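K.L.:
Numbered by full-length UniProt numbering, the letters in the sequence shown go through residues 1 to 260 in order.
Just so you know, even glycine gets a beta-carbon here, dropped at the ideal spot from N, CA and C.
All values derive from a computational prediction rather than experimental measurement.
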Amino acid sequence: MSSTIGDSTTALSTPPPYCISSPAATTIVTTSSSSGRTSTSSSSDEIFENPFSEKLNPNSNLNPSKIPRSPLSCSFSRPYKQLAVLSGHVGPVSCLALCGEFVLSASQGRDIIVWQQPDLRRFAQFGFGSGSVKALVSYGNKVLTAHQDTKIRVWKVSKSSENGHKMAVLCVCLMGEGDRFLCSGSADSSVCIWSREKLGGGLARHLVIRGHEGPVKCMRAGPSRVGGGFLLYSGSVDRSVRVWWVPGDSEKDLDLVRVK
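1) How big is the Cα-Cα spacing for Ile152 and Ser132?
2) Sort Gly91, Gln116, Ile112 and Val226 by Cα distance to Ser103 and report the nearest one.
3) Per DSSP, what kind of secondary structure is residue 292 in: helix, strand or coil?
4) Could you compute how far the alpha carbon of Val90 sits from the alpha carbon of Arg225?
5) Let me confirm a value: Phe126 is counted as buried when at least 16 other C-beta atoms fall within 10 Å, else exposed. Which label applies?
6) Is DSSP giving Arg220 helix, strand or coil here?
7) Please confirm if Gly211 has its CB atom under 8 angstroms from at least one CB of chain C.
8) Measure how close the beta-carbons of residue 271 and Lys217 come, nearest whole angstrom, since I'm counting them as under 8 angstroms.
9) Decide yes or no for the touch test of the segment 177-197 against the segment 134-153: beta carbon pairs closer than 8 angstroms, at least 3 of them.
10) Going along the chain, which residues of its own chain have a beta-carbon closer than 6 angstroms to the beta-carbon of Met167, five neighbours each way excluded?
11) Count the other CB atoms within 10 Å of the CB of Leu232; is the residue buried (16 or more) or exposed (fewer)?
12) Does the Cβ of Asp119 have 16 or more other Cβ atoms within 10 Å, making it buried, or fewer, making it exposed?
13) Taking the C-alpha atoms as reference points, what is the distance between Lys142 and Asp111?
14) Could you please give the first and the last residue of the uninterrupted beta strand (DSSP E) stretch that includes Lys156?
15) In the structure shown, what three-state DSSP assignment does Gly185 receive?
16) On a CA-only basis, which of Val246, Glu213 and Gly100 is nearest Arg239? Give me that one, please.
17) Measuring CB to CB, does Ile209 end up less than 8 angstroms from Trp155?
18) Use the C-beta contact count for Gly229: other C-beta atoms within 10 angstroms, 16 or more gives buried, fewer gives exposed.
19) According to DSSP, simplified to helix, strand and coil, what is Ser190?
20) Use the C-beta contact count for Arg242: other C-beta atoms within 10 angstroms, 16 or more gives buried, fewer gives exposed.
21) Mark Ser87 as exposed unless 16 or more other C-beta atoms lie within 10 angstroms of its C-beta, in which case mark it buried.
As structure tokens, then:
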């Protein structure tokens with residue numbers, strides 16, 4: 001490379017690409033005046049060595065120790081926080097779904113757990129023996145599950161059927177024509193009567209019976225020979241058996257009268 005300044009031509013050497021001279025390098029500047037005189041001046045600058053110059057030289061080996069290593073800065077605050085760990089499945093969890101106020105989780109162990117928000121307590125568990133659950137999706141209050149046994153099943157999540165009692169349900173029995181009604185006894189000393197819905201297979205609560213002074217442990221129902229309807233018998237830890245007469249067999253006539 002050559003550079004022409006005035007009437008004088010001076011050859012200047014060009015360093016390799018990206019190669020910077022070593023410290024205390026000398027820079028030479030040549031100028032020419034109209035009288036024909038040529039003057040030269042020099043200056044010394046402190047220029048740092050390019051650590052990659054050796055890599056560009058095919059005749060030398062790169063020394064990694066000369067490459068500057070600055071610490072990487074990745075400081076940031078985590079934008080997430082773990083709120084809860086839910087456990088209880090009998091196998092690895094395979095899929096999740098949201099259904100209103102509920103969170104549903106299914107596992108390869110064939111079980112489905114319904115968790116109720118906001119405290120995420122276990123609301124219900126079902127599906128045992130139905131084949132490993134591979135996927136699930138919800139719409140409305142219904143849940144569709146896909147299983148390894150080639151079947152797709154439909155479930156109904158009914159809050160009322162689970163929240164009729166404040167404590168554990170200890171006993172159940174069916175009564176009425178075609179077993180239309182379900183009776184349940186609880187540790188909270190109450191008895192509930194449910195109507196089985198014709199569509200969807202869900203439950204609708206009709207009555208809550210209170211009278212026992214202890215948990216209801218057993219119950220039976222049968223037709224009444226006097227006055228029609230049927231009789232409901234409930235046994236409790238309070239050492240009593242109570243008999244309730246149900247005068248009608250339809251939802252609109254469903255009413256209880258304590259006999260004893």
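P.N.:
According to the structure shown:
1) In the sequence shown, residue 152 corresponds to position 152, counting from 1. In the sequence shown, residue 132 corresponds to position 132, counting from 1. Going from the Cα of Ile152 to the Cα of Ser132 covers about 11 angstroms.
2) Mapped onto the sequence shown, residue 103 falls at position 103. In the sequence on display, residue 103 carries Val and not Ser. Here the closest residue by C-alpha is Gln116.
3) Here the chain comprises residues numbered 1 to 260, so residue 292 is not present and cannot be evaluated.
4) Indexing the sequence shown from 1 puts residue 90 at position 90. Indexing the sequence shown from 1 puts residue 225 at position 225. Each residue's Cα considered, the two are about 48 angstroms apart.
5) Indexing the sequence shown from 1 puts residue 126 at position 126. Burial call: exposed.
6) Start at 1 with the first residue of the sequence shown, and residue 220 comes out as number 220. Of the three classes helix, strand and coil, the one that applies to Arg220 here is strand, per DSSP.
7) Although the question refers to chain C, the structure presented lacks it and comprises just one protein chain.
8) Only positions 1 to 260 of the chain appear in the structure, and residue 271 is not among them; the question remains open.
9) no
10) Here the question's residue 167 lines up with position 167 in the sequence shown. These residues qualify, in order along the chain: Ser186, Ala187 and Asp188.
11) The sequence position of residue 232 within the sequence shown is 232, counting from 1. Leu232 is buried by the Cβ-count criterion.
12) Against the sequence shown, residue 119 aligns to sequence position 119. With fewer than 16 Cβ atoms within 10 Å of its Cβ, Asp119 is classed as exposed.
13) The count along the sequence shown starts at 1 and reaches residue 142 at position 142. The count along the sequence shown starts at 1 and reaches residue 111 at position 111. For Lys142 and Asp111, the distance between alpha carbons rounds to 16 angstroms.
14) Mapped onto the sequence shown, residue 156 falls at position 156. Start and end: Ile152 to Lys156.
15) The residue labelled residue 185 in the question sits at position 185 within the sequence shown. If DSSP states are grouped into helix, strand and coil, Gly185 belongs with the strands.
16) Mapped onto the sequence shown, residue 239 falls at position 239. The candidate whose alpha carbon is nearest that of Arg239 is Glu213.
17) Along the sequence shown, one-based indexing puts residue 209 at 209. Along the sequence shown, one-based indexing puts residue 155 at 155. Contact: no.
18) By 1-based counting over the sequence shown, the position of residue 229 is 229. Result: buried.
19) Residue mapping note: residue 190 aligns to position 190 of the sequence shown, counting from 1. Correct three-state label for Ser190: strand.
20) Within the sequence shown, numbered from 1, the residue matching residue 242 stands at position 242. Its Cβ being crowded by 16 or more others within 10 Å, Arg242 is buried.
21) Position 87 of the sequence shown, counted from the start, is the residue given in the question as residue 87. The residue in question, Ser87, is exposed, as its Cβ has fewer than 16 Cβ neighbours within 10 Å.
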